[in-house]
Amino acid sequence: MRRYFCILSALVACLPAAGMDGQTRLSLSTDQTSFQLASILGCDKPKLPELRTTTRRAMSVREMSLGALLTTLTSGPDRLPGTEHGRRAETFLANAYEALGCEVMLQEVPVHDWRRGATRLEVDGQAVTCSAVPFSPFGAMSGRLVYVGGARDLSGHDVRGAIVVAEQGFPMQPIDQLWAQRLPGTTLAEPTTGVPAWWLNAPGVTPVEAEQAGALGLVHVLVDQLADSPWRYGPYQGPAGGVPAVYVCRTEGESLKEAAARGRNATLSIEGSMERCFSNNIVAELEGASGRVYLFQSHYDSPGPGAVDDAASLVAMLEVARHYAALPVDQRPGRMVFACTTGHFDASIGVRMLARDVLPKWRHRYRGIFSLAQIGAKSVRKEGGRLVATDALERQDVFVPDHPRLRSAVVEALKAAQLSNTLVLPDRTEVFPVPPGEGGSLCVAGLPTVQFTSAPPYLLTNEDSVDKVDLARVSKQVDMLIDIVGRL
171 MRRYFCILSA LVACLPAAGM DGQTRLSLST DQTSFQLASI LGCDKPKLPE LRTTTRRAMS
231 VREMSLGALL TTLTSGPDRL PGTEHGRRAE TFLANAYEAL GCEVMLQEVP VHDWRRGATR
291 LEVDGQAVTC SAVPFSPFGA MSGRLVYVGG ARDLSGHDVR GAIVVAEQGF PMQPIDQLWA
351 QRLPGTTLAE PTTGVPAWWL NAPGVTPVEA EQAGALGLVH VLVDQLADSP WRYGPYQGPA
411 GGVPAVYVCR TEGESLKEAA ARGRNATLSI EGSMERCFSN NIVAELEGAS GRVYLFQSHY
471 DSPGPGAVDD AASLVAMLEV ARHYAALPVD QRPGRMVFAC TTGHFDASIG VRMLARDVLP
531 KWRHRYRGIF SLAQIGAKSV RKEGGRLVAT DALERQDVFV PDHPRLRSAV VEALKAAQLS
591 NTLVLPDRTE VFPVPPGEGG SLCVAGLPTV QFTSAPPYLL TNEDSVDKVD LARVSKQVDM
651 LIDIVGRL
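Take the sequence shown: its position 453, counting from 1, is numbered 623 in the numbering used here, and each next residue is one higher.
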């Protein structure tokens, strides 16, 4: 018996005083407890370690659970359809919903499995760091560099037989126009101007236009990329043809501009493969006490770690499902449906097929549809060429349809939740005829959809990592979604 007590003491002594973020996880009143154990077991009272105290908020059990799920979903380099990690994410989500007692249906979706291989750009034998533009054609070519700056087209430029270098800057967010149309529930203190719309494809010369002008290749200079990185995943429209194209960072762009002015030649080559394959939308259902239907949706594919885009939304949906799964069927407000879609970066084919082939069967029964994108996103600062997460949060936009009951429920729940830095907007504005994000496809299909979205500067880059997610915000979002359902 003494042996077991010593083992117990050793385990207690090994417990860390604080969690991984420095917050206290354990609070023990040790003297009386250890004395009683020592008396029972007939050995000396052990000396337990002193635990540090802290004024920081301790992470809740739910937040730790959300964090564990988030880490699992972001454990690979990507979650693209057709890849090993994409299939793992799909299997994990389907199994997780089945474990909660959901009935799970898989909807087969045809997608393009585009894989970049070795990508090289050289000027006078010197390598230039670059990454292939997604869905770029493959090939190798050499030609003179022609710099066209921020031109929107190639009229007036002789680029025949050349490799074009074009600046690609993101359009600015029309925050002033949005601010003027804000709805109750908004907690944004004041509009922030001068912020690029990171989620949009930057305007400028396209690979198809370069091909039509007789160019051999295209180099996009990401002049607005905050981390000055050449890595970006876009566009959303899938294979578009044209000439082989790569991204370079702002700094490398300046070097290419000088090389073009000196009449230098460059060599560009992109290797890889593209095949048609199938991925699956995951549709999980929990039976309810009424014929009402509540749908939660987000995409699970990602070109990188994709913690904010959109693993955070996925784990929030799992937590909402866990909440309702724990209730008896007669206490659930209706049928709860959770849709994890694929093909987001391939023209959003997954959510479009979901809206076309699956969702119509509940058309007259929807009480509310909630599309989640980039929830819990932290703001960042640039530090040593990297983007470091801060305690501040990115602005979250909530687009609400002109549906009296749904709009009232969302606004009142947002007021109660007091989610900071939130801008509540109509789902139809001059700026956005439909909401940005996959919720737009559901709105077009005539479905009463609330879209939650944000646009951090690390969106569509490989810096979208777990440390950029505010788990407390995600947890509050879960409570707020449950509150909305209760008000409906």
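All C-beta atoms in this analysis are idealised placements derived from N, C-alpha and C, irrespective of residue type, glycine included. Predicted model only: the values in this text are computed from it and were never measured.
Boundaries around Glu379 are those of the alpha helix (DSSP H), Pro377 to Gln382, since no beta strand (DSSP E) includes it.
Sorting Gly412, Ala359 and Gly319 by C-alpha distance to the C-alpha of Pro304 places Gly412 at the top. Per DSSP, Pro344 lies in no beta strand (DSSP E) segment and is marked neither H nor E. DSSP places Lys531 in no alpha helix (DSSP H); its state is neither H nor E. Nearest C-alpha to Ala269 among Pro409, Ala491 and Arg402: Ala491. According to the DSSP assignment, Thr299 belongs to no beta strand (DSSP E), since it is labelled neither H nor E.
Around the beta carbon of Ser399, 16 or more other beta carbons sit within 10 angstroms, so the residue counts as buried. Across the structure, Gln407 and Gly476 are spaced so that their CA atoms are roughly 19 Å apart. When rounded, the separation of the alpha-carbon atoms in Val378 and Leu529 is 35 Å. Annotation: the segment 273-328 contains the following complete segments of the beta strand (DSSP E) (minimum length 3 residues), in chain order: 273-293 and 309-319. By alpha-carbon distance to Met229, the top candidate from Asp649, Val648 and Leu641 is Leu641.
Counting every other CB atom within 10 Å of its CB across the protein chains shown gives Glu553 a total below 16, marking it as exposed.
Nearest C-alpha to Ile539 among Tyr317, Gly237 and Leu617: Leu617.
Counting along the chain, Asp248 sits inside no alpha helix (DSSP H), nor does DSSP assign it H or E at all. Between Pro414 and Pro373, the beta carbon gap of about 20 Å keeps them out of contact (Cβ cut-off 8 Å). C-alpha of Gly404 to C-alpha of Gly319: approximately 20 Å in a straight line. Separation of the CB atoms of Ala543 and Ser468 is rounded to 7 Å, and the pair is thereby assigned contact status at 8 Å. Distance from the CA atom of Ser425 to the CA atom of Val418, rounded to whole angstroms, is 10 Å. Taking the C-beta atoms as reference points, Leu438 is found nearer than 9 Å to Leu291. If you draw a straight line from the Cα of Thr421 to the Cα of Val594, it comes to about 38 Å. Contact between Asp500 and Ala459 holds, since their C-beta atoms are separated by about 5 Å, short of 8 Å.
Of the residues assessed, Leu276 falls on the exposed side of the cut-off, its CB having fewer than 16 other CB atoms within 10 angstroms. Pairwise C-beta distances place the segment 577-594 in contact with the segment 648-657, as three or more of them are shorter than 8 Å. A buried status is given to Glu564, since no fewer than 16 other beta-carbon atoms sit within 10 Å of its beta-carbon.
Spanning the alpha carbons of Ser541 and Phe622 requires a straight line of approximately 6 Å. Within the same chain, Cβ atoms closer than 7 Å to the Cβ of Val279 are found at Phe448, Ser449, Asn450, Asn451, Thr512, Gly513, Ile519, Gly520 and Met523, the five residues on either side in sequence being excluded.
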